[in-house]
Amino acid sequence: MNAPQALPYDPDNPPMNPPDGCENRLMWQLARRLFGDHRPGLDGYCLACRPYQFYPCVGRQLADIGLAAAYHQPDGAPWRVPRAGTRDPGRSRA
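UniProt numbering puts the first residue of the sequence shown at 1, with every later residue one more than the last.
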């Protein structure tokens, strides 16, 4: 198992703008918005998900994952469009 990589921001208070070296600015901005929307309430529930989910809710967990993924893109990110002329391995041949 790989050791977690150090993040150049405070995970409890990430900056609004992507930090230097961020590889996917759009993902950062979306994850940061999600992070800001899903905050804990005084009663232990997420303010955005109340009264259905305790904090940290799924939205906050996805925000944390999205912020880290926006900064550390794995090689061959799955949403990249393949080059023209390459076959999509997920598609079956007719």
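The C-beta atom is built at its ideal place from N, Cα and C for all residues, glycine as well.
For M27, the enclosing alpha helix (DSSP H) starts and ends at R25 to D37.
Under the criterion of beta carbons closer than 8 angstroms, A48 and D37 qualify as touching, at roughly 5 angstroms.
Secondary structure note for D64: its alpha helix (DSSP H) is the uninterrupted segment V58 to Y71. Taking the C-beta atoms as reference points, P8 is found nearer than 7 angstroms to P19.
Between N24 and F35, the alpha-carbon positions lie close to 16 angstroms from each other. By the C-beta density criterion, A6 is exposed, having fewer than 16 other C-beta atoms within 10 angstroms.
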